[in-house]
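A.B. asks: After the structure tokens below, expect a handful of questions from me.
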Amino acid sequence: MKEKIIFISIIFGYAAFFMAFIAIDHFSGSTLPAAKHGIMDLENWDFQKDGNVQLNGKWTLYPNQLLSPKEIVSAKGKDPLFVDVPSNVKLAKQGINVEYGTYKLTIRSKQDNQVFGISTSFIYSANRIYFNGQLIGQSGSPSNKPDFIAQNRPYTSFFTLHKGDNELVVQFSNFGKTPGWGIAKPITFGTQDNILRENKISFLNDSIMITAFFITGLYFLGFFLQRKKDKHLLFFSVMCLLFSFIILMIGKERIIFLLNPSISFSMLNSMRAISTVFVSIAVFLYLYFAYRKIVSKRFILIATVSSGLVLITDFLTVGFIGHASYILHSVLAVSTLVYITYIFTIAAIRKMEGSLYLTIASISMSAFVILTTISAYSGKSAFSFNSIYSLPTVIALLAIVLLMAQQFAGAFRENEVLTRKLLNIDRLKDEFIAKTSHEFKTPLNSIINICQTLLAGRRKRTIEEEKDNMQLVIRMGYRLSNLVNDILDLEKIKQGMLQIHPVPVDIYTLISSEMNFYHLLSRHKNLNIMNHIPSGLPLVLADENRFRQIVTNLVDNAIKYTAEGQITLSASKLNDNMIKVTVTDTGSGISEADRQTIFESFQQAETNKDDGAGLGLSIVKQLVELQNGEIWVESEEGKGSAFHFTLPIAQNEAVPETKKGHPDLQSGVNFSDISLSTPYYSEKIDAPTILIVDDNIDSLKILGDMLEGVPYNVIAAKNGKEALEVISCTKLDLVILDLMMPDMTGFEVCTKIRERFSMVDLPVLMITAAIIGHDKYKAFHAGANDILQKPYHYSEFMARMKNLIMMKHTANQATRMEMAFLQSQIKPHFLYNVLNTIISLTHLDIEKAREVTEEFTNYLRMSFDFQNTSAISSFKHELSIISSYLSIEKTRFGDRLDILFDIEEDIDFILPPLMIQPLVENAVLHGVSKKRGGGWIKLTAKKQSENGYYIKVEDNGAGIAPEKRKDLLSADFDRSVGLKNINQRLKHFCGSELKISSTPDAGTSVSMLIHLAEITESPTALSERN
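In terms of my numbering, the sequence shown opens at residue 4 and continues consecutively.
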């Protein structure tokens, strides 16, 4: 916005200048002699004192008549007019159409028989001059026909002036070859000496201009040939060479006629027009390559194309110059001037190198272009600046040359500084290599010694006894790994390859999750590390991984320089935009000299020169600055140090870049307007259910939309507490968990999940913006199945997620198959006993034998039923198996087995298959049958709540010894059909566990609570399927 204001101001400023000059041109008066009614009275003009005079004023004009002096004297001229001379009309035609004509001026003088002279400038487009009837000069061949020979060469002529009236006659022809006609610039009249002196000054003026621009152009062209990557040198040299060529053609003396007297009028006009266009193109390209940071590439392209269009019009009008061509060239010149002034102004405001020279060059070029442009349309003496027009151009040229010289000198000075700095860095690198070698050699030597001692094995020691040595090897390995990481980070920073992904970060949560690690770092020292960071601080906008690296490096540095005492981490709001974090220690402190260089690479405090490579604080400083923060240190020797760094507060509209995992997620979303009420449940579909947990609502919404589009059933929670509530009452296939959240971190939530679900029962995928070495260990130790770093690739994220869901479903299927397999394994002695019972009954009670056979058939059918491998069954289906089984066993055991049912009438509900029948079988085989005299078995089923059902299987059999009861649900306990399997599925589907109570010789009770929050299939549908 500021740059637009500057651009508009420059345009209005130039417009004001042009208007002012035009007003002066129109209203200005002059004290110099002027012709009146075709007569110029010079009797009172002192040529020795006052110098030459310009023959301006009212001349007599015979339009469209070529008259000789004799014809004028004989009054053959018709319809004479009094017109202003000079008359430089280029923008619009006048009322009369003058193609050729004759001027006459009577010069009245008191000098007699003295040699005088005239000097011409622009008389369009051919002329012939007579003085007192004698031909004194000619340029081209004026004619009353359009095919005349045009030439506009200036010349000087001398003649004898007589006392009294002297007649000056000027013939001219134009026929539209230029927009103007006749005498366009003043004719100078004076004594021979004065005319010669003025011509010499004009020639010297032109020569200086041409030489200055030509030599400067050649100099910078040579410079470019040595430094071809600096394209601006090429275009500056081209610009200077073209300027010298243009001055050669348009200077007052038009020196080009000295080099080529026969050059044609059309060729000269074409060369002049084309050169001015190429100058503009060279200026635009010079600005583009010299000031890339502030030049608009689009404007340069448009300006270059427009210049090319002007060039095309010049080729189309070869041989003459029309009004349109003059206007186009004028617009191009003014546009070039405005833009170069704008660029130089912006550069000066930004205090770029050479701002003073830029200002001077801008003002000088402005003056030159304004005077040149207005002079092209005005012939009055107020704008006849032939004696001064070189001054602004030379000043502008000098300013730009000095600017470039200053840039070169600055580059040389920078090279000298860089050379000294590189030499110093080279020395420091040599020291660094020596220190790094020591840092590598010392732990490597210790590792080698420990390993050689273990291999020698002269003392027979157990692994437990060698634990301390193993810990040393691990610690030294991590030390080497950290050193390598520091070196790599430093190199990435120097190469500009270190990527920063700023996201809103909760300082309190992040540092709280790291405190255990900090305590681990200081476990061999008598140090107390305190976390005094308040929980209510605003979020900071930082790269989560690099923020933790900053704090860890500062804490590690504090531990290194603090033998005992305290290290304190604190934070506070510095202002509305920044948060300040402080790491304070009570260590040895840092001297004033060391504080000046403590943040430079390879630098260390003198008190601890042999410890470390001196990279940590340098990396910390650069990481802080990359995240728009600052770092400084306050220290006092012997009392400790305090390292402070700042980070920007995350604004509400800040969009976390690391959330951009899929290109479609960002389009059309206004993040500031996102609102999501949690826990959020998507519309129910036949697909896996995924719980996503993130404290950032924007991220939660984006990820939820992405997963719903796959499609999946999505449940969204904004914190750990909400997530655990959802998990307790919902069947899930996957949990996607953000690592850093307030109140409960991802580690803590995952640990709580694993108290109820195994890694295959409910997979957990952790997502974090930061992964450092111990994060992975902590995540997997907490029970995560996988961990993924933001920003992640969409395909990688989906692949990992699908693999975890597939793993869960495969494991569940394996569990169900295991249960069905165990159920289908009818023990041979059970089969033998049942068949014997049926055979016996066929001799005693054929009806009873038929009933037992029917029950046995039903039992076998249901035992081998494929429904046992599905996820859901019904209570009635399960009860049918139990009834058949108990009927068979009742027939076998007779009065030794009593069967009791306490089941609510018409009760039916959904439950995983084979949850009750194995318990009944265990009660018969391992309870009642083991007790002398038999006993009873009781099955209870009651509705306890809307979706809750209480089931209990009890007997008064042999019971279980206490030492065996605690191992019932372990993997090593083998008792009938898998109690462990039942318990795992109960935990997974219902969120509860088997409750077992038993007393030896008194019986056993096994109960469970079936609670299903989501009913995926109705009992009616199941019965119909069966």
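For glycine and all other residues, C-beta sits at the position ideal for the given N, C-alpha and C. This structure is a prediction, so every number in the text was calculated from the model and none was measured.
(1) Am I right that D698 and N722 are in contact with their C-beta atoms under 8 Å? What's the rounded C-beta distance?
(2) Roughly how many angstroms separate the alpha carbons of I739 and N986, rounded to a whole number?
(3) Could you tell me whether the Cβ atoms of G590 and G643 are closer together than 8 Å?
(4) Could you spell out the range, first to last residue, of the beta strand (DSSP E) harbouring D741?
(5) In chain order, what residues of the same chain have a beta carbon less than 8 Å from the beta carbon of K934, not counting five sequence neighbours either side?
(6) Residues in its own chain within less than 7 Å of F635 by CB, not counting five upstream and five downstream?
(7) Counting beta carbon pairs with one atom in the segment 215 to 231 and one in the segment 181 to 197, are three or more of them shorter than 8 Å?
(8) For W939, which beta-bridge partners are listed by DSSP?
(9) Using 8 Å as the Cβ pair cut-off and three pairs as the minimum, do the segment 119 to 129 and the segment 165 to 180 touch?
(10) Check for me: the beta strand (DSSP E) holding E637 runs from which residue to which?
(11) Could you name the residues of the same chain whose beta carbon sits closer than 6 Å to that of V241, not counting the 5 residues immediately before and after it, in chain order?
(12) Report yes if the CB atom of F248 is closer than 8 Å to the CB atom of S278, and no otherwise.
(13) In three-state DSSP terms, what is Q3?
(14) Report all residues from its chain with a CB closer than 7 Å to the CB of P3; omit the five preceding and five following residues, and keep chain order.
(15) To the nearest angstrom, how far is it from the Cα of P505 to the Cα of I693?
(16) Quick check on this structure: which residue in G311, L557, T754 and N67 has the alpha carbon closest to the alpha carbon of V280?
(17) Could you check which residue in G220, K232, S265 and H235 has the C-alpha nearest to that of F246?
(18) H796: buried (16+ other C-beta within 10 angstroms of its C-beta) or exposed?
(19) Within 10 Å of its beta-carbon, does T181 have 16 or more other beta-carbons around it, so buried, or fewer, so exposed?
(20) Which whole-angstrom value is the C-beta distance of M747 and L650, which I expect to be below 8 Å?
(21) Consult DSSP for S247 and reduce its assignment to one of helix, strand or coil.
(22) Keeping to the same chain, check which residues put their C-beta closer than 7 Å to that of K113; ignore five residues upstream and five downstream.
(23) How about L742 and M769: are their beta carbons less than 8 Å apart?
(24) Between the segment 151 to 160 and the segment 116 to 126, do three or more beta carbon pairs fall short of 8 Å?
(25) Pick helix, strand or coil for Q114, following the three-state DSSP scheme.
(26) Does the CB of I343 have a neighbour CB from chain C at under 8 Å?
(27) Where does the unbroken alpha helix (DSSP H) through E751 begin, and where does it stop?
(28) How far does the alpha helix (DSSP H) with R549 in it reach, from first residue to last?
(29) Could you name the residues of the same chain whose beta carbon sits closer than 7 Å to that of L679, not counting the 5 residues immediately before and after it, in chain order?
(30) Answer with buried or exposed for L425, where buried requires no fewer than 16 other C-beta atoms within 10 angstroms of its C-beta.
(31) Kindly indicate which three-state DSSP category S387 falls into: helix, strand or coil?
(32) Hey, could you find the ends of the beta strand (DSSP E) G712 is sitting in?
(33) R353 by DSSP, collapsed to three states: which one?
(34) Would Y684 be called buried (16 or more neighbouring beta carbons within 10 Å of its own) or exposed?
(35) Excluding the five sequence neighbours on either side, which residues of its own chain have a C-beta within less than 8 Å of the C-beta of G951, listed in chain order?
(36) Taking 8 Å as the cut-off, does the segment 513 to 526 touch the segment 705 to 713 (at least 3 CB pairs, one atom from each stretch)?
C.D. replies: Let me spell this out:
(1) 6 Å
(2) 25 Å
(3) yes
(4) Looking at the DSSP string, the run of the beta strand (DSSP E) that includes D741 is L737 to D741.
(5) N959, G960, A961 and D1004
(6) Here residue 635 is Trp; the residue named in the question, Phe, does not match the sequence. The answer, listed in chain order, is H647.
(7) no
(8) For W939, which the question treats as bridged, DSSP gives the partners D901.
(9) Cβ pair count under 8 Å is three or more, so yes.
(10) Per DSSP, the unbroken beta strand (DSSP E) holding E637 starts and ends at I634 to E639.
(11) Once the five neighbours on either side are set aside, the close Cβ partners of V241 are A285.
(12) yes
(13) The requested residue 3 does not occur in the structure, where the chain is confined to residues 4 to 1029.
(14) Absent from the model: residue 3. The displayed extent of the chain is 4 to 1029, so no value can be given.
(15) 27 Å
(16) Closest option to V280, Cα to Cα, is G311.
(17) Here the closest residue by C-alpha is G220.
(18) exposed
(19) With 16 or more other Cβ atoms within 10 Å, it is buried.
(20) Incorrect: roughly 24 Å between the Cβ atoms, too far for contact.
(21) In the structure shown, S247 sits in a helix (DSSP, three-state: H, G or I).
(22) E46 and K166
(23) yes
(24) With three or more CB-CB distances shorter than 8 Å, the segment 151 to 160 counts as touching the segment 116 to 126.
(25) Note: Q114 maps to coil in three-state DSSP.
(26) No chain C appears in this structure, which consists of one protein chain only.
(27) G749 to R757
(28) E547 to K563
(29) Once the five neighbours on either side are set aside, the close Cβ partners of L679 are I700, L703, K704 and A719.
(30) exposed
(31) At S387 the pLDDT is 44, less than 50, meaning the model places this residue with poor confidence; the figure from the coordinates comes in the next sentence. Of the three classes helix, strand and coil, the one that applies to S387 here is coil, per DSSP.
(32) That residue, G712, is in no beta strand (DSSP E); it is neither H nor E in DSSP.
(33) Note: R353 maps to coil in three-state DSSP.
(34) exposed
(35) L1012, I1013 and H1014
(36) no
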